[in-house]
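Engineer: Submitted below is the structure of interest, expressed as structure tokens.
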Amino acid sequence: MGTVIFPDTNVLLRYLLADIEEQYQEICPFFEDLRQGYQKAIILPEVLLETFYVLTKTYSIPARETAEALKDLLLYRGVVNRDKKVLLEALNLFFESEGLIWLECFLCVKAHKQKGEILTFDKKLKHRCSKFFEA
1 MGTVIFPDTN VLLRYLLADI EEQYQEICPF FEDLRQGYQK AIILPEVLLE TFYVLTKTYS
61 IPARETAEAL KDLLLYRGVV NRDKKVLLEA LNLFFESEGL IWLECFLCVK AHKQKGEILT
121 FDKKLKHRCS KFFEA
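At position 42 of the sequence shown (counting the first as 1) the number is 42 in the UniProt record's numbering, and the numbers step up by one without a gap.
This is the structure:
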């Protein structure tokens, strides 16, 4: 198994887009091993958020489609993020919510899990977050 790998945004983009054939072919075995759990990786939340942003803004891929692809990736057996459940919960909240972007969903879930509160000037964000986590 060996060393835990920390893939960057460009690696995720090349894998998800398969747009640069040589790089895609080079990285596919890693992701297949990751899917099977033979390789371990931590995909930092910052990398996932940047990947989401680039796919939706630069490549104009719909947000829901992008979120689904990232969710599938997080479910690979070898992804060992400590905050994996929080990231998946944020993606699920994104699918359920109207008008929240994934970063806001991540912020909502993270604040809720830490029994914290979001400090924001965005009243709609604060209201939407609180309604999802009312007891």
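Idealized CB from N, CA, C, for every residue including glycine.
These numbers were taken from a predicted model, which means no experiment stands behind them.
Where do the ends of the alpha helix (DSSP H) carrying Leu87 lie?
Structural biologist: Lys84 to Glu96
Engineer: Below 6 Å CB to CB, which residues in the same chain sit around Ala90 once its five sequence neighbours on both sides are set aside?
Structural biologist: Cys105, Phe106 and Val109
Engineer: Starting from Ile27, trace the alpha helix (DSSP H) in both directions and tell me its first and last residue.
Structural biologist: Residues Glu21 to Gln36.
Engineer: Helix, strand or coil for Val79 per DSSP?
Structural biologist: strand
Engineer: Within the same chain, show all residues whose beta-carbon is closer than 8 Å to that of Asp33, passing over the 5 residues directly before and after it, in chain order.
Structural biologist: Taken in chain order, the residues that qualify are Gln39 and Gly78.
Engineer: What residue does the alpha helix (DSSP H) around Lys110 start on, and which one ends it?
Structural biologist: For Lys110, the enclosing alpha helix (DSSP H) starts and ends at Trp102 to Lys113.
Engineer: In whole angstroms, what separates the C-alpha of Leu87 from that of Val47?
Structural biologist: 12 Å
Engineer: On a CA-only basis, which of Leu100, Glu96 and Lys131 is nearest His112? Give me that one, please.
Structural biologist: Lys131
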